[in-house]
Each structure stands twice: as structure tokens, then as C-alpha cells.
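The sequence shown maps to residues 1045 to 1433 in my numbering. For every residue, glycine included, the Cβ atom is placed at its ideal position computed from N, Cα and C. Predicted model only: the values in this text are computed from it and were never measured. As C-alpha cells, the structure follows; a few thoughts come after it.
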Amino acid sequence: MRAICWHGKSDVRVDTVPDPKIEDPRDAIVRITSTCICGSDLHLYDGYMPTMEAGDVLGHEPMGVVEEVGKSVTKLKPGDRVVVPFTISCGTCWFCERQLYSLCDNSNPNAEIARQAMGQSPAGLFGYSHMLGAYPGGQAEYLRVPYADVGPVVIPDGIPDEKVVFLSDIFPTGYMAAEQAQIEPGDVVAIWGCGPVAQFAIRSAWMLGAGRVVAIDRVPERLKMAQDGKAETINFEEKDVYDTLMEMTNGRGPDRCIDAVGAEAHAGGSLDAVMDKAKASVGLATDRPHTLREAIMCCRKGGTVSIPGVYIGFPDKVPMGAAMNKALTFKMGQTHVPKYHKMLLGKIEAGEIDPSFVITHEVPLEKGPEMYKTFRDKKDHCIKVVLKP
Ligand code: NAD
Ligand code: ZN
Ligand code: ZN
């Protein structure tokens, strides 16, 4: 089959690789009809993830048609249309029983590598390096789905792929980010980033009762899409984020701050200024700025910082002193995707939201490498790419 493979920093290629086979009675094989490129893929593309190997098949936002199921699979049958979550979960461990699917204890065959890096291992993820299970990903013609009775959600005929494919990741991720922000009615919610995850966090913040949503980015078409979602926006290249948020909140700061940027944040002017002030006042050393620091510095005392943005390893100089003394709550994590499927599919079916608004590019799989570059460099007004194998 054809599949998008990682070969190194900024080097992905469409290769011919062996078709996946059933390896365990709980597996299913899915023929992929739509599969997306995610901001999380950019961490791999940018070479931030040390446990990638040349030839690894990428992709974790797929949907398609079940081709074959293993002997123990009872909930899926050939011909079913399914969206496959990016998290792989056994469904029966201590964590899965509590719907903490992204923390599954049994789905990472390379748990020992993860344990060395993190103390314990989170769940295995599709197309996300050897540390997280070395599972071939879904930017391919076919995908082997382990524990097929647990993660995949069956999609009724008549709903196009474009409306449901984001149930694989970014719609639940935006929703969980807003939920973890602990929004109370009327709260001011500030969201760093206007990428695809942030776009769903904006819409979800309204669903959860926000009174005001402020979204921060520098890419005009992404800011515009945030405005279409009824957010007020700040272009961090034009305005000082800290000062603007303080002005908007009578000096109190946003109640809830969501960092939907993560590892590859660009330095905003405001962050430098705020951190320079902090540095000057308490002798704090800083180097590469990131949005998490800005969120911590801006958040109102007693507020919540929710972090869907992916951080890898040891981001430098997190202002824990500010977080502690301002009594902030932190919530974060990879999304427990299946927990949200029924509720979010319900909203799509009821016409409350059409997630396809975020799609700017829909192209054949063979164009994947070109699209990685376009998406990473924010060229051609690219916000979300759907590949059609
Ligand atoms: P993206 O790269 O398309 O979006 C990131 C946005 O942040 C871009 O629009 C960029 O211009 C903006 N940005 C950069 N620096 C900034 C700054 N200093 N201030 C404000 N905005 C800034 O990615 P995405 O697909 O929307 O994903 C966003 C993050 O969410 C990534 O880190 C991704 O890995 C993560 N993610 C997490 C989960 C999860 O389960 N927690 C799932 C999917 C994605
Ligand atoms: Zn993703
Ligand atoms: Zn489990």
C-alpha cells in the first residue's frame, strides 16, 4: 500500500510499504477514506521527537471502512464506516475503566522507553514514534486498529467524512481543552493559538458557557476563522498580549487560559516583555519563550490553565513561582477521545456544529509531503488538510 513515511526533519515521503495484517484477534483492518495532518504531526516533521525512525508511517486522524476483523471483535463488522481515535486503549485497565483512555496501561508495547522518559507510560498512539508504541499511522491506504472494539466509533451512512473525521482527534481535543479549563458561566476564556485545535476549543468554550472568548495568533486567516467563531482576537505581532488581556479584564486577567500551541510557539513581543520584567524582579533566567509562560503570567489569580498543546521533554523555565503564588489550577493531557464520541457525534447529527468549517485543503494522499510543508509554513491560507488515499 501507499503510506506517508517519516524520513527525518522536514522529510516525509509517500512510500510503498507492506499492507497491515490482523496480528491479534482484537484487531481490525480499516481501509482509509479520509486522514488528516495535525499540528502534532508537525512536532515529528520538525524533528522534536527523538524516538522516530526512518520509514515510520505517520498519521493519527483517520477514518474509513472496516475491511476485516479479528476473531474476538464483536462491535465492528466488515463494511462499517468508522472514525479511529488517535489514542489506542485496551478498554479494561484501571485507566480505561475510568475513561482515561489516553493513559491506558496496556496499549504501549514500548512502555519501558516511555517509563524511562516519564516515570510511567501513557497510551500507545498511532503514528507517533517508538516511545509511544511504534504503531504505523493512518496516513495510508490501510490501518491496523488494535482493540478495535474500544476506540473506533461507527458512523451512520449519510454523514460525509468531512463532518465526522475530526472526531479522531481535534474536535474532542478542543472540547476537552475547554472542559478542563473549568469554565463557569460568563468566564473570560483566553486561547493561545488559532490553529485547528484552538478553533474547536473556541466553539467548545461557548458550548460550556463562556461569556467572552479571546483568541491569540498572528496568522490573518486563522484569526478570521476565530472571529467567525465569535471570538475576539489579538494578533500577537501587532499588540502586546499581556497588556491587551489586562485591559480587556479590568486588570484581573482571563479566568481561564488555554494553551493550544505547545512545543513550537513563536516568540511574541509580550511574552518577552513580561518575562523580562519577571526576570528583572526576581532574577529569573529565561531563554526560548513559549505560550505556556504567557498563559501563566496572564491568568487571573485562582484561574485555570488548560494545556492541550503538546510539550515534549523539558520545556525551559516554566514560572512555577507565579503559578503557585497565584493559586492556578493546571489541567492537561492527550485527549481521552472515545469519552467524547457519543456526545460530539450527537451534536454533529443534531446540526449544532459542522466541523468541516476548518478544512482548507482536501487532496490525494500522494500530495501529503507537499501539504506537510504548506501546513507547517502556513502557506496558501492552509488551516486543515484532509488527505484522500
Ligand atoms: P497548529 O500548528 O496548526 O496551530 C498552532 C497555532 O499556534 C498556529 O496557528 C500558530 O501561528 C500559533 N502560534 C504560534 N506561536 C504562538 C504564540 N506565541 N502565541 C499565539 N499563537 C501562536 O496546530 P494544531 O493542529 O492546532 O495543534 C495545536 C497544538 O495542539 C499542538 O501542540 C498539537 O500537538 C496539540 N494537540 C494536542 C492534542 C491532545 O490530545 N492534547 C491533540 C491534537 C493536537
Ligand atoms: Zn492530531
Ligand atoms: Zn487500558
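Residue i, DSSP secondary structure in three states
i     : result
S1314 : Confidence is the limiting factor: at S1314 the pLDDT is only 43, short of 50, which leaves the residue's position unreliable, though a coordinate-based value still follows. Residue state, collapsed to three classes: helix.
R1188 : strand
G1218 : helix
I1157 : helix
H1051 : strand
C1301 : strand
P1264 : helix
H1334 : coil
V1128 : coil
Y1355 : coil
T1288 : helix
S1146 : helix
E1228 : coil
A1072 : strand
K1422 : coil
S1325 : Here S1325 scores only 49 on pLDDT, less than 50, and its place in the model is too uncertain to base an answer on.
For residue i, the nearest candidate out of the options (CA to CA)
i     : options                    : result
S1116 : I1066, I1397, W1236        : I1066
L1388 : A1155, R1247, Q1378, M1368 : R1247
E1223 : P1122, V1285, H1380, R1266 : H1380
M1093 : K1053, G1168, I1397        : K1053
D1272 : E1282, F1280, V1257        : V1257
A1366 : E1338, Y1172, G1237        : E1338
D1063 : K1119, A1304, R1046        : R1046
R1070 : V1056, T1118, S1084        : T1118
G1182 : K1417, K1428, L1409        : L1409
G1177 : A1167, Y1186, A1184        : A1167
K1361 : F1139, Y1186, H1334, A1155 : H1334
R1075 : E1105, S1173, E1111        : E1111
V1022 : D1303, G1346, K1345, V1402 : In the structure displayed, the chain extends from 1045 to 1433; residue 1022 sits before or after that span and is not available.
K1432 : Y1416, V1233, C1426, K1411 : K1411
I1351 : I1340, S1078, E1141        : I1340
S1173 : K1283, G1091, P1204        : G1091
K1383 : K1207, V1197, A1158, M1162 : V1197
N1294 : R1266, C1342, L1252        : C1342
T1136 : R1125, D1124, D1149        : D1149
A1072 : I1356, E1393, M1107        : M1107
Strand pairing of residue i, partner residues [DSSP]
i     : result
M1162 : BP columns for M1162 are empty, so no partner.
W1236 : I1260, D1303
I1278 : I1260
T1348 : R1300, T1373
I1066 : I1066 pairs with nothing; no bridge assigned.
Y1172 : Y1172 pairs with nothing; no bridge assigned.
K1432 : P1408
V1197 : V1127
R1057 : C1049
S1078 : M1107
E1112 : I1073
Y1384 : According to DSSP, Y1384 bridges with nothing at all.
Distance between beta carbons of residue j and residue i, contact taken as under 8 Å
i     : j     : result
G1195 : V1128 : 6 Å
L1102 : W1050 : 6 Å
F1244 : T1277 : About 16 Å; that fails the 8 Å criterion.
T1027 : K1422 : Residue 1027 lies beyond the range of the chain shown here (1045 to 1433); nothing can be said about it.
A1249 : I1227 : 6 Å
M1096 : L1088 : 6 Å
V1305 : C1080 : V1305 to C1080, Cβ: 18 Å. No contact.
V1233 : A1254 : 5 Å
L1211 : H1385 : 6 Å
C1134 : S1146 : C1134 to S1146, Cβ: 12 Å. No contact.
G1297 : D1261 : The Cβ separation is near 19 Å, so there is no contact.
V1109 : T1077 : 6 Å
P1153 : V1402 : 33 Å between Cβ atoms; not a contact.
G1347 : C1301 : 7 Å
E1105 : V1209 : 7 Å
I1214 : C1082 : 7 Å
A1307 : K1345 : That belief does not hold up - the Cβ atoms of A1307 and K1345 are roughly 27 Å apart, past 8 Å.
Practice problem: List in chain order: all unbroken alpha helix (DSSP H) runs of 4+ residues lying wholly within the stretch 1080-1108. | Solution: 1083-1089
Practice problem: Go through the stretch 1393-1420 residue by residue and report every complete run of the beta strand (DSSP E) that reaches 3 residues or more, in order. | Solution: 1405-1408
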